[in-house]
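A.B. asks: Residue numbers 475 to 663, in this note's numbering, belong to the letters of the sequence shown in order.
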Amino acid sequence: MTDFPFHDVDSAPEESKPLLAASIKNYGRLPGMHRVMAESPKAFEAYQHLHQSFVSSSLNPEELTVVWQTINVENECHYCVPGHTLIAKIMKVDESITESLRNETPLADPKLEALRAFTLRLIRQRGFVSDEHVQEFLDAGFSHQTVLDVILGLAQKTMSNYINHIAKTPLDDATSGFNWTRGENRIET
């Protein structure tokens with residue numbers, strides 16, 4: 475049986491209990507992904523640290539959303555695409571950005587589209603992005619710091635996407651209205 479434990483504060487390993495309590499405090503609920511991550515206190519702690527580092531990086535809410543959703547969609551994460559749809563709404567990101575990311579259609583803002591293209595290249599080329607593509611990214615108005623911050627976001631989302639794939643984390647009630655499956659479009663880089 476490969477079913478992963480779905481912890482609450484009572485059933486979690488002792489080291490995960492304060493992390494779950496922090497999730498409840500921060501989200502007003504216990505996200506299913508956190509309930510799965512609680513099985514490994516160190517993985518859960520690392521994820522929370524990556525998340526906090528990424529949200530306090532050089533990226534604004536729209537740019538955070540572009541990086542998160544580009545990775546979620548490329549990795550076909552059934553849990554994270556709806557989750558970040560809700561997060562984008564909470565952060566007041568324009569819904570047209572979210573819909574373009576979910577549907578893999580071009581973003582209207584050329585700078586955000588350059589961010590999506592760079593993020594996709596990082597994923598698909600496993601970090602072996604050409605100097606030419608890095609320069610295109612810099613020419614779009616980003617910095618060397620942004621390059622590293624996008625890689626930070628990739629580390630965070632790789633962790634959550636893979637955990638959700640393996641654990642088959644069910645959608646939370648809060649995100650069930652944002653269900654997503656990959657359509658016919660696929661952005662080329």
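By construction, the Cβ of each residue, glycine as well, lies at the ideal position given by its N, Cα and C atoms.
For clarity, every value in this text was computed on a predicted model and none was experimentally measured.
Quick one: grab the DSSP three-state call for Glu658.
C.D. replies: Coil.
A.B. asks: Tell me whether the region 526 to 536 and the region 500 to 518 touch, counting them as touching only if at least three CB pairs, one residue from each stretch, are closer than 8 Å.
C.D. replies: In short, these stretches do not touch, since the Cβ pair count stays below three.
A.B. asks: With H, G and I counted as helix, E and B as strand and the rest as coil, what does DSSP make of Asp484?
C.D. replies: Note: Asp484 maps to coil in three-state DSSP.
A.B. asks: Is Arg576 helix, strand or coil when you go by DSSP?
C.D. replies: Helix, per DSSP.
A.B. asks: Do you know offhand how far Ala517's Cα is from Ala588's?
C.D. replies: Approximately 31 Å, taken between the alpha carbons.
A.B. asks: When we look at the beta-carbon of His558 and count the other beta-carbons within 10 Å, is it buried (16 or more) or exposed?
C.D. replies: When all chains shown are included, His558 counts as buried.
A.B. asks: So, for Leu594: in the same chain, excluding its five sequence neighbours on each side, which residues have a beta-carbon less than 7 Å away from its beta-carbon?
C.D. replies: Contacts found: Thr544, Glu548, Ile661 and Thr663.
A.B. asks: Met633 lies in the alpha helix (DSSP H); which residues open and close that run?
C.D. replies: Note, Met633: alpha helix (DSSP H), His618 to Ala641.
A.B. asks: Whose C-beta lies closer than 8 Å to the C-beta of Ser485 among residues of the same chain, with five residues either side of it excluded?
C.D. replies: If we look at Ser485 and ignore the five residues flanking it on each side, its Cβ neighbours are Pro479.
A.B. asks: If you scan the region 523 to 581 from start to end, which runs of the beta strand (DSSP E) of 3 or more residues do you find wholly inside it?
C.D. replies: Here no run is fully enclosed.
A.B. asks: Please list the terminal residues of the continuous alpha helix (DSSP H) segment that includes Gly601.
C.D. replies: Per DSSP, Gly601 belongs to no alpha helix (DSSP H) and is neither H nor E.
A.B. asks: Could you give the distance in angstroms between the alpha-carbon of Val624 and the alpha-carbon of His481?
C.D. replies: Those two C-alpha atoms are separated by around 31 Å.
A.B. asks: I need the boundaries of the alpha helix (DSSP H) containing Gly506, first residue and last residue.
C.D. replies: First-last of the alpha helix (DSSP H) with Gly506: Gly506 to Met511.
A.B. asks: If you run the structure through DSSP and keep just helix, strand and coil, what is Phe478?
C.D. replies: In this structure, Phe478 counts as coil in the three-state DSSP scheme.
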